[in-house]
Amino acid sequence: DQLTDWIDRVHGPTELIYSDFRPVPLQFHFCSPKGLFPLLDDSGKRVNPRLKPKGGKGAKGNRGRTPRQETPNLAFLLSQLQQRDMLPAIYFIFSRKGCDQAVADVSALPLLVNEAEAEQLRSRVDEFLARNPEAGRADQIEPLYRGIAAHHAGILPAWKGLIEELFQQGLIKVVFATETLAAGINMPARTTVISSLSKRTDLGHRLLTASEFLQMAGRAGRRGMDILGHVVTAQTPFEGAREASYLATSPADPLVSQFAPSYGMVLNLLQTHTLEQAKELIERSFGQYLATLYLRPQQDAIDALKAELGQLEAQIASVDWDLLTQYEKLQERLKEERRLLKILQEQAVEMQSGDLPIALSFAVAGTVLSLKGPNVPVANPVPAVLVTKAPSSGQFPLLVCLGQDNRWYVATVGDVVSLRAEIPRVSGADYLSPPTELPLKPGQVRSGTEQTWTIARQIPTPPPLEESAPEVYEQLQRMQTVEAQIQSHPVHGWGNRTNILKRQKRMQAIRDELDDRQEKLSRQSQRHWEEFVSLIDILQHFGCLEWSGVG
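Okay, so the sequence shown: first residue is 1271 according to the working numbering, each after it adds one.
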């Protein structure tokens, strides 16, 4: 589907016609030291039950490890193929050395060809060597007489051409080949043998991909010659029927582009194309298409963010942002004015508290106080009048006071919040006497009488202590001015300010995320072109490219 879509975009309307029909169907086999067995069950979708390890799926050896399995030797496997008339075969081995070693290992096997085929082989090989005496080596010639050969990149092209020709004619019965033979060379066989289901790569050892497996398996079955093509996998120390059945039943992997800018590509393109034309070609490549497809989720996320941003903008389109900004600044200013007022109030209280002991030593009956402390546990300071002082065991005398609530209190200096010398003394306090039932101990409280009630009503409520400090009063005025500005501001009447601000913050967060995602998307989507331009710079730096940018 990806390839179809790419061709459709680049070359015009394209339809995918899918078919899994094979002129020669494949049959999968598995070889173990016990013999050659069908790999799959009758449904063709699961592993043959006979090939499952005894003791169940979790069968383990010593110390809980899966034991290494016995593997069939090469001679045994080839004899199984010969007995079942499954030759000629391509035997895939993933290294040149392995292919050459396999040829040497089976050189002592009985002939895989009959007498007539042996004569044809000898005649054809001798004729070839007469024309190309340097093409073949001794360790290659003798096995070839017996219908055995190796095919890989380390063999001379002329010798490989001979092997391909003889194999197509059915004279060679086994070719040990690397996986490169699976692509691009017309050498179908009745059987393909895949020696291992894993291979070593630059990134370590890994299982074959489904596409790699199917590419090699697809060489089996000669059209017009075979009813069935056979694919044989063999037990190895670490892979068995389970891995083989998985690969045999897996769909092909998605196409992977091998496109990558190179020095040769740069030189070839710029000989005949302008820079803009070269960029267009790269952007039309399958590799660029896959890169764009890979980035589709990122683009979808960007589109979703844009849609959300549009909705939010529509919801608050009528908002006067200048007014809202002014209002927010006033709110911030009010916070600051309140903070400063609190600091000044605390400083005023601290200064007043430090002078209290001295002031109280000179206080006389009728002096207005505010009481709240360890011995006067009330929620708010009680306005009171000093009536008399009584001796105590401490440094300062006890203070016997009548509160505005018409109650008698025996307090200490530590219970006095403030002494308001600027307030006139309460008349009549000089003539009061504490009740006889009031113990002169800190914390003692007694109710007053009707006589004391007359005096209690005269006790004024002093203004807050901090207001006596001019700097506090000035700061209070500033704060109240800002509060009045906020109360009269048009935005203050909006009932959904919180929602508006939340949406505003969300909009800004979306814009920030959009900028980040779009920058990354642009950088990733231009990767191939940026590599191309970097190669141009390198070639020009080393004097390998004289190019003005015109084409």
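C-beta: ideal position from N, C-alpha, C; glycine also.
Pair every Cβ in the region 1604 to 1620 with every Cβ in the region 1631 to 1642, then say whether three or more of these pairs are closer than 8 Å.
These segments do not touch.
If you count every other CB in all the chains shown that lies within 10 Å of the CB of Trp1723, and 16 or more means buried, which is it?
It is exposed - the Cβ of Trp1723 has fewer than 16 other Cβ atoms within 10 Å.
What's the C-alpha gap between Gln1272 and Cys1814?
Computed Cα separation, rounded: 37 Å.
Note down the Cα distance separating Lys1576 from Gln1778, rounded to an integer number of angstroms.
Roughly 12 Å between the two C-alpha positions.
Out of Leu1672, Pro1760, Thr1506 and Gly1440, which has the shortest C-alpha to C-alpha gap to Asp1592?
When only C-alpha atoms are compared, the closest one is Pro1760.
Have a look at Gly1314, Thr1274, Phe1298 and Gln1297 and flag the residue whose alpha-carbon is nearest the alpha-carbon of Tyr1288.
Cα-wise, what sits closest to Tyr1288 is Thr1274.
What three-state label does DSSP hand Ala1530 in the structure shown?
Reduced to three states, the DSSP call for Ala1530 is coil.
Please work out which residues of its chain come closer than 6 Å, Cβ to Cβ, to Ala1629, disregarding the five sequence neighbours upstream and downstream, and give them in chain order.
Within the same chain, Ala1629 has close Cβ partners Leu1689.
How big is the Cα-Cα spacing for Glu1285 and Arg1279?
Taking the straight line joining both Cα atoms gives about 12 Å.
Could you say which of Leu1702, Tyr1701, Pro1709 and Asp1700 lies nearest to Leu1668 if we only look at CA atoms?
Considering only alpha carbons, the answer is Pro1709.
How should Leu1611 be labelled, buried or exposed, when 16 other C-beta atoms within 10 angstroms of its C-beta is the threshold for buried?
With 16 or more other Cβ atoms within 10 Å, it is buried.
Can you tell me which residues form a DSSP beta bridge with Thr1658?
Thr1658 is bridged to Val1670.
Beta carbon of Asn1456, beta carbon of Glu1434: below 9 Å?
For Asn1456 and Glu1434, yes; Cβs fall inside 9 Å.
Pull up the DSSP beta-bridge partners for Ile1464, would you.
Its beta-bridge partners are Phe1362 and Thr1503.
Relative to the C-alpha of Glu1340, which candidate in Glu1509, Ser1349, Arg1493 and Val1501 has its C-alpha closest?
The shortest C-alpha separation from Glu1340 is found at Glu1509.
Quick one, which of Gln1788, Leu1809, Phe1362 and Gln1601 has its alpha-carbon nearest Ser1758's?
The residue with the shortest Cα to Cα distance from Ser1758 is Gln1601.
By DSSP, does Cys1301 sit in helix, in strand, or in coil?
DSSP places Cys1301 in strand when its eight states are reduced to three.
What first and last residue would you give for the alpha helix (DSSP H) that runs through Leu1451?
Note, Leu1451: premise wrong, no alpha helix (DSSP H); not H, not E.
Mind checking whether Leu1702 and Leu1746 have CB atoms under 9 Å apart?
Cβ distance not < 9 Å, so Leu1702 and Leu1746 don't count as in contact.
What does Lys1576 pair with, by DSSP beta-bridge criteria?
None; Lys1576 has no bridge partner.
Thinking C-alpha only, which one of Val1680, Leu1351, Tyr1415 and Val1376 is nearest Val1715?
That would be Val1680, whose Cα lies nearest to the Cα of Val1715.
State the beta-bridge partners of Val1652 as determined by DSSP.
Looking at the DSSP assignment, Val1652 forms a beta bridge with Leu1641.
What is the C-beta distance between Ala1490 and Val1501, in whole angstroms, given that I count them as a contact (C-beta under 8 Å)?
About 5 Å; that satisfies the 8 Å criterion.
Check Ser1349 in the structure and name its three-state DSSP category.
Helix.
What does Val1680 pair with, by DSSP beta-bridge criteria?
Its beta-bridge partners are Val1670.
With DSSP run on the structure shown, which of helix, strand or coil describes Pro1308?
Three-state result, Pro1308: strand.
Just checking Glu1550 against the ligand PLP - is the residue's beta carbon closer than 8 Å to any of the ligand's heavy atoms?
In terms of ligand content, the structure shown is empty, and the ligand PLP therefore cannot be addressed.
Given this structure, state the Cα-to-Cα distance separating Asp1573 from Glu1783, to the nearest angstrom.
In a straight line, the C-alpha of Asp1573 is about 12 Å away from that of Glu1783.
Going by C-alpha to C-alpha distance, which of Ser1313, Ala1345 and Val1317 sits closest to Gly1305?
Out of Ser1313, Ala1345 and Val1317, Ala1345 has the C-alpha closest to the C-alpha of Gly1305.
Who pairs with Ile1418 in a beta bridge, going by DSSP?
In DSSP, Ile1418 forms a bridge with Val1444.
Taking the alpha-carbon positions, what's the Leu1444 to Leu1348 distance?
Sequence check: residue 1444 is Val here, not Leu. If I take the Cα positions, the gap works out to 9 Å.
Let's test the definition: count the other Cβ atoms within 10 Å of the Cβ of Asp1807 and tell me whether it reaches 16, buried, or not, exposed.
Asp1807 is exposed by the Cβ-count criterion.
Give me the DSSP bridge partner(s) of Lys1469.
Paired residues: Arg1476.
What whole-angstrom Cβ distance do Pro1651 and Val1687 have, given they're in contact under 8 Å?
Pro1651 to Val1687, Cβ: 5 Å. Contact.
Which residue comes first and which comes last in the alpha helix (DSSP H) that contains Arg1797?
Segment Arg1797 to His1811, the alpha helix (DSSP H) holding Arg1797.
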